[in-house]
Amino acid sequence: MTDVKKQNADSDVCDKLHSLKTLGFVNIGGLNILSANEVERLHELSDDLLLRFERDTRETKDYTDFKRTGVGEGAWALTRFSQHHPAITQAIDKVVSNVNIKAILTSVLGEDYKIWQIIVRRSAPGDKGLNLHQDSFGETNLVILLTDNLAGDGATMFLPESHLFSKTARALGVEVPSIIANLLRGIFKPFKGKAGNIGFFFNRTWHGRFSNTSSQNQDAILISFFPSGATFGFGGPYLEWSNEYLESISGTELGRLLDPALGTEVVGDKLYKVTPSAGDMELPYAIKIADPSVHHLKPACWSTYAVILLLRILMSSGRFVKHSMALIKSKLK
Ligand SMILES: O=C(O)CCC(=O)C(=O)O
Ligand SMILES: [Fe+2]
7 MTDVKKQNAD SDVCDKLHSL KTLGFVNIGG LNILSANEVE RLHELSDDLL LRFERDTRET
67 KDYTDFKRTG VGEGAWALTR FSQHHPAITQ AIDKVVSNVN IKAILTSVLG EDYKIWQIIV
127 RRSAPGDKGL NLHQDSFGET NLVILLTDNL AGDGATMFLP ESHLFSKTAR ALGVEVPSII
187 ANLLRGIFKP FKGKAGNIGF FFNRTWHGRF SNTSSQNQDA ILISFFPSGA TFGFGGPYLE
247 WSNEYLESIS GTELGRLLDP ALGTEVVGDK LYKVTPSAGD MELPYAIKIA DPSVHHLKPA
307 CWSTYAVILL LRILMSSGRF VKHSMALIKS KLK
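Positions 7 to 339 (this note's numbering) are the ones given, in order, by the sequence shown.
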């Protein structure tokens, strides 16, 4: 495993990395990477862009209303976020070029990671949240909060340590709807923090989004990384970065990370496999945790197992009640 100390990272960053590996998510704070003005500007731009595309959805294919896609109500996303404004590109390039950020990414993804998507997600007051789920093999997200969110309303939430559990949430039938997760707020941990805070999570960690009962929009940038050995693809709302954009950022760290022509192998239609450079033979941590037969890691706290058992009981009782009600209704017809 790449040693984070070798990358000249701050010692506090080493502790944060430890939390990420053990809990599956972490807020590392702002680390003074972006100034308050830069964070404010990012927020203003996301505000302007979301409002503009809401008014005219034909203006871009990157605007998604989660209600339309059937994955929630009261939340919106703008994909290929950095492509929509040079100031966004500049700020995100600054984040991904930062020595501490690179040290964390290298430690969990190896040397050869790539970025698939950059989205800005808005959770508006009344957002119903997002059910518990896991995403693609090896995927790891970097989060930048654009709004203060100390209560966790409309925040990404996690079941700590669940990235180390051998079975998936889907296999166990515990893709808990956010309405239930909200009732169990003590169990799931939201990504709380202040505007400008940066964090990471493995998309293998069981996660979703709490409903937003506050009176404020909760906005966050989510950058999706893939390590070598993992595959990402474009399609649906996730379009390929435009060639003009990639050309305009060539030579920058963000350009290296976004251009699929660099460090990947085409394995299908708009499908790219991240390839290891010579010498980086070690399996990245984000890949290891995706395959329990390889890592032999387990959640350390007994409470994690107790929660998983509770969720299984809750969800199967729910399914039993639903099934019985449907049966009774059909008999009474
Ligand atoms: O909207 C959210 O906070 C959840 C995001 C999510 O599930 C993801 O980025 O994989
Ligand atoms: Fe997700």
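Beta carbons: idealized from backbone N, C-alpha and C, even for Gly.
Candidates the options: closest to residue i by CA position
{"i": "serine 172", "options": "Leu333, Pro305 and Gly36", "result": "Pro305"}
{"i": "asparagine 188", "options": "Thr219, Ser230 and Phe238", "result": "Thr219"}
{"i": "threonine 310", "options": "Gly116, Trp212 and Ala292", "result": "Trp212"}
{"i": "aspartate 265", "options": "Asn33, Arg191 and Trp247", "result": "Trp247"}
{"i": "phenylalanine 31", "options": "Gly205, Leu156, Glu46 and Tyr69", "result": "Gly205"}
{"i": "tyrosine 291", "options": "Leu151, Glu65 and His169", "result": "His169"}
{"i": "methionine 287", "options": "Leu57, Lys27, Lys108 and Asp118", "result": "Asp118"}
{"i": "serine 17", "options": "Ile110, Gly324, Ala296 and Gly261", "result": "Ile110"}
{"i": "phenylalanine 194", "options": "His139, Val19, Asp154 and Leu245", "result": "His139"}
{"i": "threonine 258", "options": "Leu333, Lys276, Glu250 and Thr95", "result": "Thr95"}
{"i": "valine 273", "options": "Tyr251, Leu252 and Phe240", "result": "Phe240"}
{"i": "asparagine 155", "options": "Ala284, Arg128, Leu57 and Ser322", "result": "Arg128"}
{"i": "phenylalanine 238", "options": "Leu263, Glu253, Asn249 and Ser254", "result": "Leu263"}
{"i": "alanine 312", "options": "Gly158, Lys276, Leu165 and Leu289", "result": "Leu165"}
{"i": "threonine 75", "options": "Phe59, Glu60 and Gly242", "result": "Gly242"}
{"i": "threonine 174", "options": "Phe59, Gly158, Asp141 and Ser323", "result": "Asp141"}
Cβ pair residue i, residue j closer than 8 Å
{"i": "glycine 160", "j": "phenylalanine 216", "result": "yes"}
{"i": "valine 149", "j": "aspartate 225", "result": "no"}
{"i": "tryptophan 122", "j": "serine 230", "result": "yes"}
{"i": "alanine 236", "j": "phenylalanine 143", "result": "yes"}
{"i": "valine 280", "j": "serine 234", "result": "yes"}
{"i": "proline 282", "j": "glycine 116", "result": "yes"}
{"i": "asparagine 223", "j": "serine 184", "result": "no"}
{"i": "glycine 135", "j": "glycine 214", "result": "yes"}
{"i": "glycine 78", "j": "alanine 130", "result": "no"}
{"i": "threonine 162", "j": "phenylalanine 208", "result": "no"}
{"i": "arginine 64", "j": "alanine 93", "result": "no"}
{"i": "leucine 190", "j": "asparagine 106", "result": "no"}
{"i": "leucine 260", "j": "aspartate 99", "result": "yes"}
{"i": "arginine 86", "j": "isoleucine 124", "result": "yes"}
{"i": "tyrosine 244", "j": "glutamine 89", "result": "no"}
{"i": "lysine 328", "j": "phenylalanine 232", "result": "no"}
{"i": "isoleucine 295", "j": "arginine 210", "result": "yes"}
{"i": "isoleucine 186", "j": "leucine 320", "result": "yes"}
{"i": "glutamate 167", "j": "leucine 29", "result": "yes"}
{"i": "leucine 84", "j": "asparagine 147", "result": "no"}
Cβ-heavy atom distance, residue i to ligand 1, below 7 Å
{"i": "asparagine 33", "result": "no"}
{"i": "arginine 215", "result": "yes"}
{"i": "threonine 85", "result": "no"}
{"i": "leucine 228", "result": "yes"}
{"i": "threonine 174", "result": "no"}
{"i": "asparagine 147", "result": "yes"}
{"i": "arginine 127", "result": "yes"}
{"i": "threonine 95", "result": "no"}
{"i": "threonine 162", "result": "yes"}
{"i": "leucine 26", "result": "no"}
{"i": "leucine 136", "result": "yes"}
Close-in-space but distant-in-sequence residues of the same chain around residue i (CB under 8 Å, 5 per side omitted)
{"i": "histidine 91", "result": "Leu51 and Leu55"}
{"i": "arginine 318", "result": "Leu178, Gly179 and Val180"}
{"i": "histidine 24", "result": "none"}
Same chain only: Cβ atoms within 6 Å of residue i, ignoring 5 sequence neighbours per side
{"i": "threonine 8", "result": "Because the pLDDT at threonine 8 is just 49, under 50, the model does not fix this residue reliably, and the point stays unresolved."}
{"i": "isoleucine 39", "result": "Val101 and Asn104"}
{"i": "leucine 151", "result": "Gly199, Ala201, Asn203 and Ala226"}
{"i": "lysine 22", "result": "Val32 and Ile34"}
{"i": "glutamate 271", "result": "Lys279 and Thr281"}
{"i": "histidine 49", "result": "Leu152"}
{"i": "leucine 26", "result": "Val32 and Phe206"}
{"i": "leucine 303", "result": "Leu170"}
{"i": "valine 19", "result": "Asn106"}
Sequence-distant residues of its chain with Cβ nearer than 7 Å to residue i (five each side left out)
{"i": "alanine 97", "result": "Leu40, Glu44 and Leu48"}
{"i": "leucine 277", "result": "Thr237 and Gly239"}
{"i": "glycine 158", "result": "Pro196, Lys198 and Phe216"}
With a cut-off of 6 Å, give the chain-ordered residues whose Cβ is closer than this to any heavy atom of ligand 2. His139, Asp141, Asn209 and His213
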